[in-house]
Structure formats: structure tokens, C-alpha cells
Amino acid sequence: MALAHRPAADDDYATFARLFPELDTGDPVPLRSHWAAEIAPHTWLFEQDGATAGYLYFERLAGVGYIRHVVVVPEQRGRGLGLAMLRAAAAELRAAGCATWCLNVKPGNLPAVRLYERLGLREAYRSTALRFLWPQTEALRLPARGLQTRTIDPDEDAAIEAAFTLPRGQLAAGRAAGRVLVRLADPADPAALGLGFASFNPDFPGAFPFRLADPDYAAPLLAGLRPHARPGVANMGIVAEADPGLTARMVAIGATVHMEFSHFSGHVPDDMPS
């Protein structure tokens with residue numbers, strides 16, 4: 001029987017919760033509320049012979065497709081299902097006007113890396129996921145520049161996305177999902193929108209993207225996020241994307257490296273390999 005897919009529904013959470021650990025990120029399974037608000041609306045469930053074959057979570061941004069999760073059930077791996085799932089996503093993305101796509105993968109996941117390279121995706125940079133406790137951030141030194149944090153206005157999205165080379169529409173997608181979006185502001189230079197920003201999910205809890213023009217700016221940005229943390233939750237995480245300076249700064253205050261991964265990007269192929 002051919003592989004079939006359908007949009008995920010809220011009541012598919014049990015299937016998602018069972019398969020999410022296959023990503024091998026070490027992260028807790030997202031809450032059902034997170035699934036319903038942010039993941040399910042962008043997820044396809046794949047089935048074959050009446051049984052679940054996997055799921056694909058991907059976003060259609062402005063001209064860019066962002067593949068978030070690709071999961072094939074363990075007993076079906078090695079049969080080309082991952083390629084078939086991505087072929088279906090590629091057709092959807094082309095129809096939506098997305099010329100490029102991107103994703104993140106652990107460098108040690110060689111079968112996945114080979115699959116993505118086969119599809120024309122190439123590594124653009126490496127990122128580090130960091131874990132720490134909020135009190136540890138008090139050891140970060142403040143920059144000489146008197147920076148403040150402000151909520152990002154929708155009319156600032158395009159400028160911030162351009163400043164940090166983000167896919168157009170990523171901030172709007174985060175806002176729609178209920179993320180806390182804040183940016184750094186300099187009262188002495190109000191027009192500067194490329195100083196730093198974060199997209200924070202208090203339920204995870206963590207910020208990704210978390211971008212800074214300078215690692216010295218970590219202290220004010222984290223200070224601006226801290227009031228949005230859930231009461232009684234001391235742990236926090238961020239992802240330093242292509243920013244070894246930020247990684248070193250956080251490790252120096254006691255943050256731990258949770259995971260390293262590669263960001264791959266490329267053109268959505270017109271003809272997918274068989």
C-alpha cells in the first residue's frame with residue numbers, strides 16, 4: 001500500500017508523544033498545549049497499511065520551508081520512507097512558493113545527513129544548545145552600551161529578520177504560536193534593530209532563535225526574558241547559532257552544552273531523487 005499522509009489533529013498527541021523521543025534530542029516531550037498551538041497545525045501524519053509510519057513537522061514561511069521534525073517509526077527505517085515524506089513536503093512547499101528549504105540535524109546522524117545531502121541540502125553553520133539556571137545569568141557582565149529590552153512590534157519584523165538573516169515570516173509565525181518576542185534597544189540609537197532578539201517559549205523553557213550582534217549583549221537580553229519565565233522554573237535554555245563567542249560566554253558562567261547540531265539549507269528540488 002502506498003504511503004499516505006494527512007494533517008495532524010489535536011487528538012494525535014499520543015502518537016506524537018510516542019515518536020518525539022526518536023529525534024534523540026534529550027528534550028522533554030512538548031506539552032499537549034504546545035503540540036496543539038505550535039506543532040499540530042504544521043504537521044502531517046504518515047500511514048502505510050493502516051499503521052503509523054512517521055510524522056513530518058514543517059513550516060511554510062515567506063519563500064522558505066523550514067523542516068522541523070522528520071520522524072520515521074523505528075521498524076520502518078531503511079525503506080525509503082524518509083525520502084518519500086520529504087518528497088511530499090517538497091511538492092507542498094513548491095506549490096506554496098517556497099524556493100528554498102532548511103533544517104537542523106545532529107552531525108552524528110549520518111543516515112539523515114546523507115539523505116539531506118542527497119536532496120541538495122548543505123551545511124550552512126553549526127549551533128550549540130545550552131542549558132543553565134536563571135541565577136547563573138547574574139554572573140554575565142553588562143555591556144558598556146546601555147541596552148534595554150522591548151517587545152517586537154510586527155512592523156519591525158522584516159528589519160530584524162534581514163539583520164539576522166532569518167527566513168521572512170519566522171517572527172510572525174512565532175508570534176502566532178504564542179512565543180514571547182523581544183529585542184534589544186539602545187535609547188541612544190533608537191533606529192538600531194539588529195542588536196539582538198529572542199523568541200522565547202516559557203513552557204519549554206527556552207529561546208530559539210536567540211541572536212546577538214555581540215556576545216556582550218547576552219546579559220540584557222536574558223534579563224529581559226527572565227520576567228516571562230514561569231514562576232518557580234529555574235532552568236532555561238538557548239541556542240547559540242554560529243556564535244562560538246556566545247557559547248564560550250555561557251559556558252564560563254556554568255551553562256552546559258546540551259547538544260550540537262548543523263543547520264542545512266538549499267533549493268527545493270523540482271525533481272526529487274528516487
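Just so you know, UniProt numbering puts the end of the sequence shown at 274, numbered straight through with nothing missing.
In this text, a Cβ means the ideal position worked out from N, Cα and C, and glycines have one as well.
Keep in mind it's a predicted model, so treat the numbers as computed, not measured.
N-terminal and C-terminal residue of the beta strand (DSSP E) that residue i is part of
i           : result
Arg-145     : Note, Arg-145: premise wrong, no beta strand (DSSP E); not H, not E.
residue 276 : Since the first residue shown for the chain is 1 and the last is 274, residue 276 is missing from the structure and cannot be characterised.
Glu-123     : 122–133
Leu-103     : 100–105
Ile-152     : Unbroken run through Ile-152: none, as it is neither H nor E.
Beta-carbon separation (whole angstroms), residue i vs residue j, contact threshold 8 Å
i       : j       : result
Ala-176 : Leu-195 : Not confirmed; about 24 Å, so no contact.
Gly-237 : Pro-205 : 7 Å
Leu-130 : Ala-255 : 5 Å
Glu-123 : Phe-261 : No, Glu-123 and Phe-261 are not in contact; Cβ-Cβ is about 10 Å, not under 8 Å.
Ile-152 : Leu-103 : The pair is not a contact, with the Cβ atoms about 25 Å apart (cut-off 8 Å).
Buried or exposed (CB count within 10 angstroms, at least 16 for buried), residue i
i       : result
Ala-2   : exposed
Glu-241 : buried
Val-233 : exposed
Range covered by the alpha helix (DSSP H) that runs through residue i
i       : result
Phe-16  : 13–19
Thr-247 : 244–252
Gly-224 : 218–225
Val-113 : 110–118
Residue i vs residue j beta-carbon contact at 8 Å
i       : j       : result
Phe-58  : Ala-89  : yes
Val-268 : Gly-65  : yes
Pro-220 : Thr-149 : yes
Asn-235 : Leu-133 : yes
Leu-147 : Leu-184 : yes
Leu-19  : Val-73  : yes
Ala-62  : Pro-167 : yes
Coil, strand or helix - residue i by DSSP
i       : result
Tyr-60  : Note on identity: in this sequence residue 60 is Arg, with Tyr being the wrong assignment. Three-state DSSP puts Arg-60 in a strand.
Thr-52  : strand
Ala-4   : strand
Leu-195 : coil
Pro-187 : coil
Thr-67  : Before going on, a small fix: residue 67 reads as Ile here, not Thr. Ile-67: strand per DSSP, three-state reduction.
Thr-25  : coil
Val-257 : strand
Interface flag, residue i vs chain C, CB-CB below 8 Å
i       : result
Leu-171 : The structure shown contains no chain C; it holds only a single protein chain.
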